[in-house]
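Going by UniProt numbering, the first residue of the sequence shown is number 1, and it counts up by one from there.
For each residue, glycine too, the CB sits at the ideal point set by N, CA and C.
Just so it is clear, the structure is predicted and the values come from calculations on it, not from any experiment.
Encoded as C-alpha cells, the structure appears first; notes follow it.
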Amino acid sequence: MTHAPNSLRTGPDERGHFGQFGGRYVAETLMPLILDLERHYRAAQADPAFKAEFDYLLKHYVGRPSPLWLAERLTANLGGAKIYLKREDLNHTGAHKINNCIGQILLAKRMGKQKIIAETGAGQHGVATATVAALFGLPCTIFMGAVDVARQQPNVFRMKLLGAEVVAVESGAKTLKDAMNEALRHWVANVHDTFYIIGTVAGPHPYPELVRDFQSVIGDEARAQILEAEGRLPDMLIAPVGGGSNAIGLFHPFLDDEGVEIVGVEAAGEGLDGKHAASLAGGRPGILHGNKTYLLQDEDGQITEAHSISAGLDYPGIGPEHSWLHDIGRVRYEPVTDDEALASFQKLTKLEGIIPALESAHAIAAAERIAPTLGKDKVIIVNCSGRGDKDIFTVADALGVEL
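As C-alpha cells, then:
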C-alpha cells in the first residue's frame, strides 16, 4: 500500500506506532513470532497471489461487496441528512469480522501453523474464526468470558457446531478483556504451532495494521458505492467503536478527504458517571494486550472493568490508531448509552426491517442525534457492522420479555 508522505493513511511507523500509541509490548517468548508474522505479512502484501486468493474468498465465500442501503424511512423519520447503511450484517456469518478472519487464516497457512486460537466478546469474531478454521481444516480454540458465554448462547452453539472448542474464562469480570488475557497466555505456551487470530485493531504490532488493512474493504467499497449513488463523497461517516475494527475499516480510505467528517461511537453504558466502556471519553493512555492506547484505569493505573449492553463493545481499551486519530482531532468520538442503543435497536428494526447488532445500534443512535441537525442535502454513511439475532436474548431481557 503506497500513500503520499503527508497522508494520514501511512501509519504505523516502522516500529508500529501511531504517534505515541501502538508498538509491541509483549513477552520475550512472543517476540520472534511477532517479528516472523510481520515478515510474512510484508511478503503477502507484495504477492499478487495472496491478494487474488483473499479477493476470491471475499467475493465467493463471504458474499462481498456488501450492499449500501439508502434507509429512506429512517431518513424521513429523522427529517435531516440522507442516511445510507453499509450492510456488513449481510456478510457470511453475519458481521464484518469474517473479512479479517479470511485474511489471517491465509497468513496462518503461509506460516505453516497447524492450530488456531482466538478470543471473542459478542461471539461474532469467534464464529468467524471457527468458520475459517473449518473451511481450512484446522483445529480451533475460542476463549470467551464466562459472562459472555451466558449472554451469547446462540453464537457459542454455532462455534461448537463448526467444530471449535469454546473455553469459558472465569477470571476477572469474565468478559472480553479476560478472554484476551487467557488467549495470550495460551499463545505464549504454544507459539511453535499456533496462530492467534486477533479480532480487532488492537494487540502488538503488526496486528492493528493488518486487521485494519483486511477491514478496509468496507471503506473501499463504500467509497465506490456512494460515488455511484450520489456522484460525490459523503459528508459524514459513523461507526461503533469497541476495539474499533469495523470503524477503522470504514474510516481509513476516507482519512485524507478533509470534507468527510468522521464520527466514532463509544459505549457509554449506564452513563459516563456510571459503568461504561468509553475509553477515550473516560480513560487515559496506558499499556494493555501488547500496545499503548487509551484505557479505563483507576488512579493507580489498574485496568478497570468496562460495561456495555453490547458484549462486543465491553472492552476497557480501543485500537491505537483510534487513540491517535482522537488526539490529532481527525475523528470525533461520541458516547452513546445502553438505553439510547436499545431504543435505536428497536427503531431501525421497525422502520427498515433490519435487526442490527447492539454494536451497530450505538452508531444508529448517534445518527439519530446528528442527522436532524444537518440539511436534507447532506449524506451520512452508517456502518451496520453486524446483525442482531445474536442479541435478541439480551434485548428481550432488557425489555422485560421472557423468551
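Rounded Cβ spacing between residue i and residue j (contact assumed at less than 8 Å)
| i | j | result |
| --- | --- | --- |
| Tyr-315 | Gly-242 | 5 Å |
| Gly-199 | Ser-171 | About 19 Å separates the two Cβ atoms, so there is no contact after all. |
| Val-336 | Ala-366 | 6 Å |
| residue 410 | Leu-250 | A question about residue 410 goes unanswered here, because the residues of the chain that appear run from 1 up to 403. |
| Leu-351 | Leu-68 | About 17 Å; that fails the 8 Å criterion. |
| Ser-308 | Ala-277 | 4 Å |
| Ala-371 | Leu-78 | 4 Å |
| Val-147 | Val-156 | With a Cβ gap of about 12 Å, Val-147 and Val-156 do not count as contacting. |
| Gly-11 | His-205 | Wrong, their Cβ atoms sit about 11 Å apart, outside the cutoff. |
| Lys-109 | Phe-136 | 6 Å |
Between the CA atoms of residue j and residue i - distance to the nearest angstrom
| i | j | result |
| --- | --- | --- |
| Asp-213 | Arg-64 | 16 Å |
| His-362 | Ile-355 | 13 Å |
| Arg-103 | Glu-28 | In the sequence as presented, Arg is not what sits at residue 103; that position holds Gly. So the two alpha carbons sit approximately 26 Å from each other. |
| Ile-83 | Leu-57 | 29 Å |
| residue 445 | Gln-297 | Outside the shown range of the chain (1 to 403) lies residue 445, about which nothing can therefore be said. |
| Arg-24 | His-192 | 19 Å |
| Pro-32 | Gly-269 | 39 Å |
| Ala-179 | Thr-304 | 15 Å |
| Arg-87 | Asp-235 | 19 Å |
| Ala-130 | Thr-373 | 43 Å |
| Thr-175 | Ala-306 | 9 Å |
| Arg-39 | Ser-310 | 36 Å |
| Asp-338 | Phe-393 | 15 Å |
| Asn-190 | Val-62 | 30 Å |
| Gln-225 | Gly-163 | 36 Å |
| Thr-168 | Glu-368 | Here residue 168 is Ala; the residue named in the question, Thr, does not match the sequence. So the two alpha carbons sit approximately 36 Å from each other. |
| Asp-377 | Tyr-207 | 39 Å |
| Leu-287 | Ile-34 | Position check: residue 287 holds Ile in this sequence, whereas Leu was assumed. If I take the Cα positions, the gap works out to 17 Å. |
| Pro-52 | Gln-302 | Checking the sequence shown, residue 52 turns out to be Ala, not Pro. Answer to the nearest angstrom: the Cα atoms are 45 Å apart. |
| Glu-334 | Ala-267 | 9 Å |
| Gln-45 | Leu-210 | 10 Å |
| residue 465 | Ala-133 | Outside the modelled stretch of the chain, which goes from 1 to 403, sits residue 465, for which no answer is possible. |
| Phe-21 | Ala-202 | 11 Å |
| Ala-222 | Gly-126 | 25 Å |
| Asn-291 | Ala-122 | 22 Å |
| Gly-271 | Val-401 | 24 Å |
| Val-217 | Leu-85 | 15 Å |
| Val-331 | Val-382 | 14 Å |
| Ala-128 | Asp-397 | 26 Å |
| Glu-258 | Cys-384 | 23 Å |
| Leu-184 | Gly-112 | 20 Å |
| Leu-358 | Asp-391 | 7 Å |
| Ile-248 | Ile-364 | 17 Å |
| Arg-42 | Ile-380 | 35 Å |
| Gly-274 | Cys-101 | 34 Å |
| Ala-76 | Val-26 | 50 Å |
| Leu-403 | Met-159 | 22 Å |
Residue range of the unbroken alpha helix (DSSP H) whose run includes residue i
| i | result |
| --- | --- |
| Ala-35 | At residue 35 the sequence reads Leu, which differs from the Ala that was named. Unbroken alpha helix (DSSP H) run through Leu-35: 31 to 45. |
| Gly-269 | Element bounds for Gly-269: not the alpha helix (DSSP H) but the beta strand (DSSP E), 261 to 269. |
| Val-395 | 392 to 399 |
| Asn-383 | Note, Asn-383: premise wrong, no alpha helix (DSSP H); beta strand (DSSP E) at 379 to 384. |
| Lys-174 | Neither: Lys-174 is in no alpha helix (DSSP H) and is coded neither H nor E. |
| Leu-358 | 358 to 370 |
| Lys-51 | 48 to 57 |
| Ser-279 | 279 to 282 |
Boundaries of the beta strand (DSSP E) in which residue i is found, first to last residue
| i | result |
| --- | --- |
| Thr-194 | 194 to 196 |
| Ala-81 | Looking at the DSSP string, Ala-81 is not in any beta strand (DSSP E), and its letter there is neither H nor E. |
| Arg-332 | 332 to 337 |
| Leu-68 | 68 to 70 |
Spatial neighbours of residue i in its chain, beta-carbon cut-off 7 Å, leaving aside the 5 residues before and after
| i | result |
| --- | --- |
| Ile-318 | Val-241, Gly-243, Gly-244, Ser-279, Leu-280, Thr-293 and Tyr-294 |
| Leu-138 | Gln-114, Lys-115 and Ile-116 |
| Leu-106 | Phe-50, Glu-53 and Phe-54 |
| Asp-327 | Gly-19 |
| Asp-256 | Ser-7, Leu-8 and Arg-9 |
| Thr-194 | Lys-113, Lys-115, Ile-117 and Trp-187 |
Cβ-based neighbour list, residue i, same chain, cut-off 8 Å, excluding 5 preceding and 5 following
| i | result |
| --- | --- |
| Val-260 | Leu-233, Pro-234, Asp-235, Met-236, Leu-237 and Phe-254 |
| Thr-349 | Ile-355, Pro-356 and Gly-388 |
| Asn-91 | Val-62, Gly-63, Arg-64, Ser-66, Ile-98 and Asn-99 |
| Gln-153 | Phe-393 |
| Arg-151 | Ala-311, Phe-393 and Thr-394 |
Own chain residues within Cβ distance below 6 Å of residue i, not counting five before or after
| i | result |
| --- | --- |
| Tyr-196 | Ile-117 and Trp-187 |
| Asn-181 | none |
| Gln-124 | Ala-95, Lys-97 and Gly-386 |
Sequence ranges, beta strand (DSSP E) only - wholly within the segment 285 to 322, length at least 3:
291 to 295
Let me know the alpha helix (DSSP H) ranges lying completely inside the segment 102 to 153, each 4 residues or longer, listed in chain order.
124 to 136 and 146 to 151
What residue ranges within the segment 169 to 253 form continuous alpha helix (DSSP H) runs of no fewer than 4 residues, ordered along the chain?
176 to 189, 207 to 215, 217 to 230 and 245 to 251
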